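Quick note: the sequence shown uses our numbering, first residue 62, plus one each step.
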Amino acid sequence: MQRQLLTKGRFFHSTPTDKNFFLITYNIIQENFDFSNDNDPDNNLNYDHEFIYQYHTTNYYVRCKLLPHSIIEDLLNNEEFDINTRNNEVNLSPHQKLSLEESLFIKLYLRVSKGMDEIMI
């Protein structure tokens with residue numbers, strides 16, 4: 062049975078060191094990959110950090126949106142909210158970005174290696 066490549070996905074993540082919550086989105090980078098696809102609502106968000114994750118010979122474009130605790134509360138209470146609300150906090154430091162990438166490494170590996178989320182047919 063041939064394993065299919067994951068083309069895109071999203072999940073929530075909490076960093077272990079500072080307990081921040083993030084919305085994580087990722088897309089496979091293909092030759093004709095359009096970073097500004099207006100049909101994808103995830104492309105309209107203001108992300109706090111972006112990086113490339115490599116799984117074997119496949120590269121994924123990973124974007125991280127810091128979620129304020131007020132949005133987490135609204136999300137848990139099934140209330141309406143604007144996930145694109147800009148945080149009043151300072152930008153992520155280089156150390157926070159590195160820590161975020163390191164904490165995502167295993168989660169991204171597990172998702173793309175097992176073909177979770179949306180797959181290409």
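We treat Cβ as the ideally placed atom computed from N, Cα and C, and that holds for glycine.
Model, not experiment: these values are computed from the prediction.
Give me the Cα-Cα distance between Phe-73 and Ile-133, rounded to the nearest whole angstrom. 10 Å
Run through DSSP, which three-state label would Leu-127 get? Of the three classes helix, strand and coil, the one that applies to Leu-127 here is strand, per DSSP.
Going by DSSP in three states, Asn-120 sits in which element: helix, strand or coil? strand
One or two residues paired with Phe-166 in a DSSP bridge: Phe-166 is not bridged to any residue.
Just grab the DSSP bridge partners of Ser-154 for me. In the DSSP output, where bridge partners are listed per residue, Ser-154 has none listed.
In the structure shown, what three-state DSSP assignment does Asn-88 receive? strand
How would you label Ile-167, buried or exposed, when you count the other beta carbons within 10 angstroms and need 16 or more for buried? exposed
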